[in-house]
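*Asks:* Quick one: this structure, given as structure tokens, is what I'll be asking you about.
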Amino acid sequence: LDTNNVNSTFIDQHTIQFEELKEHMSTFSWDQVVLDSGISKDEIIQFSKLANDWWDEEGSMSFLHAMSEIRTKFIKIELIDHFNLKDKNKLLKGLNILDLGCGGGIASEPLCRLGANLTGVDESEKLIEVAKLHAKNMKLKINYQCTSIQNLVKIKNKYDVVIALELLEHVNNLEEFCKLITNLLTEN
Numbered sequence: 220l221d222t223n224n225v226n227s228t229f230i231d232q233h234t235i236q237f238e239e240l241k242e243h244m245s246t247f248s249w250d251q252v253v254l255d256s257g258i259s260k261d262e263i264i265q266f267s268k269l270a271n272d273w274w275d276e277e278g279s280m281s282f283l284h285a286m287s288e289i290r291t292k293f294i295k296i297e298l299i300d301h302f303n304l305k306d307k308n309k310l311l312k313g314l315n316i317l318d319l320g321c322g323g324g325i326a327s328e329p330l331c332r333l334g335a336n337l338t339g340v341d342e343s344e345k346l347i348e349v350a351k352l353h354a355k356n357m358k359l360k361i362n363y364q365c366t367s368i369q370n371l372v373k374i375k376n377k378y379d380v381v382i383a384l385e386l387l388e389h390v391n392n393l394e395e396f397c398k399l400i401t402n403l404l405t406e407n
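Residue 223 in my numbering sits at position 4 of the sequence shown, with consecutive numbering throughout.
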């Protein structure tokens, strides 16, 4: 298996999806955002049931653990390019990143290790508890919150980067949810 080719293919596919999403997002009208776009309570309950198993690399979230390194690498490459980052020690230092639907923090932790100011939000209290405990054990400072995207928009929080990994397929209204995401971004 040629991992460089697999990595390149993965990055190319996701870059294309990202560019298509950016193009689609430019046509949205901000004043028509509907707040009934979140995740169904049934979905939250289902994922909450997996909380105790979240950090078991051989458990039910093994697929997230398996793709964590390549996914982090992809995000890092995109952020280096977009923000023209140069600090090798804490590469993402100064970037405020929101991890929407962070679950137990599998994607949040590597980005925090790279120096980002990380906020992770999820609507599952159990998953936020797991994320907080794991980050504490890893001596990572991550601002985990049990809240919704609608609440973040209401309080007008802004972030340099918003990631929503393994989340969009679970939202009730994708178009409206993406509109909410754009309301959370800083101007740059």
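Virtual Cβ for every residue (Gly too), placed ideally from N, Cα, C.
Treat the numbers as computed from the prediction; the structure is a model and nothing was measured.
With DSSP as the reference, label residue 407 as helix, strand or coil.
*Replies:* Of the three classes helix, strand and coil, the one that applies to residue 407 here is coil, per DSSP.
*Asks:* Do three or more CB pairs link the stretch 361-371 to the stretch 285-299 at distances below 8 Å?
*Replies:* Because the criterion of three Cβ pairs below 8 Å is not met, the stretch 361-371 and the stretch 285-299 do not touch.
*Asks:* So, under 8 Å CB-CB, residue 394 and residue 359 are touching, yes? Tell me the CB distance rounded to an integer number of Å.
*Replies:* Their Cβ separation, rounded to whole angstroms, is 34 Å, which puts residue 394 and residue 359 out of contact at 8 Å.
*Asks:* Counting pairs of beta carbons, one from the stretch 388-405 and one from the stretch 326-346, are three or more of them closer than 8 Å?
*Replies:* As far as the Cβ criterion goes, the stretch 388-405 does not touch the stretch 326-346, which means the pair count is below three.
*Asks:* Tell me whether residue 343 is buried or exposed, calling it buried when 16 or more other Cβ atoms sit within 10 Å of its Cβ.
*Replies:* Per the 10 Å Cβ criterion, buried.
*Asks:* Tell me the residue span of the alpha helix (DSSP H) that contains residue 399.
*Replies:* That run of the alpha helix (DSSP H) goes 393-402.
*Asks:* Cβ of residue 320 within 8 Å of Cβ of residue 386?
*Replies:* Result yes, Cβ atoms of residue 320 and residue 386 sit closer than 8 Å.
*Asks:* Quick check on DSSP: helix, strand or coil for residue 299?
*Replies:* DSSP places residue 299 in helix when its eight states are reduced to three.
*Asks:* For residue 186, does the three-state DSSP call read helix, strand or coil?
*Replies:* Because the chain spans 220 through 407 in this model, residue 186 falls outside it and cannot be assessed.
*Asks:* When burial is assigned at 16 or more other CB atoms within 10 Å of the CB, is residue 377 buried or exposed?
*Replies:* Result: exposed.
*Asks:* Tell whether a beta-carbon distance below 8 Å holds between residue 364 and residue 347.
*Replies:* In this structure, residue 347 lies closer than 8 Å to residue 364 by Cβ.
*Asks:* Please determine, among 300, 384, 330 and 298, the residue with the shortest C-alpha to C-alpha distance to residue 361.
*Replies:* Taking only the C-alpha atoms, the option nearest residue 361 is 330.
*Asks:* Who are the Cβ neighbours of residue 384 in its own chain at under 6 Å, not counting the five residues just before and after it?
*Replies:* Correct list, in chain order: 326.
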